[in-house]
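For reference, the structure is listed below as structure tokens.
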Amino acid sequence: MVLISDPLLYAIALLDTGCVLFLLVYYIITLSDLECDYLNAQECCSKLNMGVMPKLILHTIPVLLLLIHGQLILTLANIPMTIWLFYEYFSVPSGNMGVYDPTEIHNRSQLKRYTRDSMIHLGYCLVFFFIYLYCMIVALLKGDPINRNDDTIIEL
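When we follow UniProt numbering, the leftmost residue of the sequence shown carries the number 1, and every step to the right adds one.
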């Protein structure tokens, strides 16, 4: 069941992944500000926790669109990160403020782990940004709109 055209599907996925990339760059900058003591833990965690749900939703939208559209390879390639984001969101202990908790962010080198996870997610999304860009270009070029028959000669 095809709801939208291929180029539009890839354009939506490309735009969506671009938004996630900007959000992840914001995460990395905020975490590095906390590491350099430009922000306190409470302020940093409240900023990061505001972006957890949008990041989850923004990453899930292309997965659902690709699944509905029948792009199984891209869906299967996106599912591990989606599962990880859902696991991260639903495995928050009951006493914590959110995924990022100011009382625990400096314990057990969680700051380094959060920075590492954000960098991995950034690289993952960057790869998929270019995959979606390539797929969109291929989908746009599929079905050549230029008539290339040698029979028709245009004389000026």
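Every residue, glycine too, gets a C-beta built ideally from N, C-alpha and C.
Contact under 8 Å by Cβ, residue i with residue j
{"i": "residue 13", "j": "residue 132", "result": "yes"}
{"i": "residue 31", "j": "residue 118", "result": "yes"}
{"i": "residue 67", "j": "residue 16", "result": "no"}
{"i": "residue 35", "j": "residue 111", "result": "yes"}
{"i": "residue 63", "j": "residue 99", "result": "no"}
{"i": "residue 33", "j": "residue 24", "result": "no"}
{"i": "residue 140", "j": "residue 69", "result": "no"}
Selected residue, minimal CA-CA separation from residue i, among the options
{"i": "residue 44", "options": "128, 138, 102", "result": "102"}
{"i": "residue 20", "options": "55, 39, 49, 11", "result": "55"}
{"i": "residue 22", "options": "142, 128, 122", "result": "122"}
{"i": "residue 47", "options": "116, 134, 97", "result": "97"}
{"i": "residue 106", "options": "4, 37, 3", "result": "37"}
{"i": "residue 77", "options": "116, 129, 87, 113", "result": "129"}
{"i": "residue 134", "options": "88, 11, 120, 5", "result": "11"}
{"i": "residue 61", "options": "18, 90, 94, 93", "result": "18"}
{"i": "residue 84", "options": "94, 120, 65, 74", "result": "120"}
{"i": "residue 5", "options": "41, 65, 49", "result": "65"}
{"i": "residue 26", "options": "114, 142, 138", "result": "114"}
Limits of the alpha helix (DSSP H) - the one that residue i falls within
{"i": "residue 37", "result": "Note, residue 37: premise wrong, no alpha helix (DSSP H); not H, not E."}
{"i": "residue 113", "result": "110-141"}
Own chain partners of residue i with C-beta closer than 6 Å, once the 5 adjacent residues on each side are dropped
{"i": "residue 28", "result": "118"}
{"i": "residue 81", "result": "124"}
{"i": "residue 74", "result": "66"}
Sequence-distant residues of the same chain with beta carbon closer than 8 Å to residue i, five excluded per side
{"i": "residue 104", "result": "96, 110"}
{"i": "residue 71", "result": "9"}
Same chain only: Cβ atoms within 7 Å of residue i, ignoring 5 sequence neighbours per side
{"i": "residue 136", "result": "7, 10, 11, 14"}
{"i": "residue 88", "result": "99"}
{"i": "residue 49", "result": "97, 98, 99, 100"}
Short CB-CB distance (under 8 Å) between residue i and chain C
{"i": "residue 22", "result": "Given the protein chain composition of this structure (a single chain), no chain C is represented."}
4-residue-minimum alpha helix (DSSP H) runs that sit fully inside the segment 17-87, ordered along the chain: Here the runs fully enclosed are 41-50, 52-69.
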